[in-house]
Amino acid sequence: MRAPTGSVVGLCSASATLCAMGMAFLGYWGVHEPAPWRFTDVVVIVLAFVGFALLASVPWIITTPVADDSAERIRPARRAFACGVIAIWLAAVLAIVG
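Just so you know, numbering that gives the first Met the number 0 puts 9 at position 10 of the sequence shown, and the rest follows in order with no gaps.
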């Protein structure tokens, strides 16, 4: 089954946008403060970096060449996108609550 028209471009641009928003969040969150890091700060950073890695892999996953008779790469790219978004949102919520 073919992916809908524009889904590759949409996923690529959405992953780039969310990656930029996540980096802006980390920049304003307080990574540069001189206070020592707590355990929750480390968890926030790890979650954010995992989210960045997943979001950055979306364009690579979705544009990987496939044979004509094999399945498209849209489903794994959607999964990576969803997991990346969840990781970034968890990092943001933990930074605000924690």
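Beta carbons: idealized from backbone N, C-alpha and C, even for Gly.
Quick caveat, the model's predicted, so the values are computed rather than measured.
Using CA atoms only, rank isn't needed, just tell me which of 32, 25, 86, 93 is closest to residue 54. 86
Can you tell me the Cβ-Cβ gap for residue 13 and residue 80, rounded? I've got them flagged as a contact below 8 Å. 7 Å
Suppose the cutoff is 7 Å on Cβ atoms and the five residues either side in sequence are ignored; what does the same chain contact list for residue 58 look like? Apart from the 5 residues on each side of it in sequence, residue 58 sits with its Cβ closer than 7 Å to the Cβ of 11, 14 in its chain, given in chain order.
Neighbourhood of residue 29 by C-beta, 6 Å cutoff - its chain only, sequence neighbours within 5 removed: none
Give me the residue from 45, 72, 78, 74 with the minimum Cα distance to residue 89. 45
Residue ranges of each beta strand (DSSP E) within the region 56 to 89, 3 or longer: none
The alpha helix (DSSP H) enclosing residue 28, as first and last residue numbers: Residue 28 -> alpha helix (DSSP H) spans 6 to 28.
If I'm right that residue 47 touches residue 21 with Cβ under 8 Å, what's the distance once you round it to whole angstroms? 6 Å
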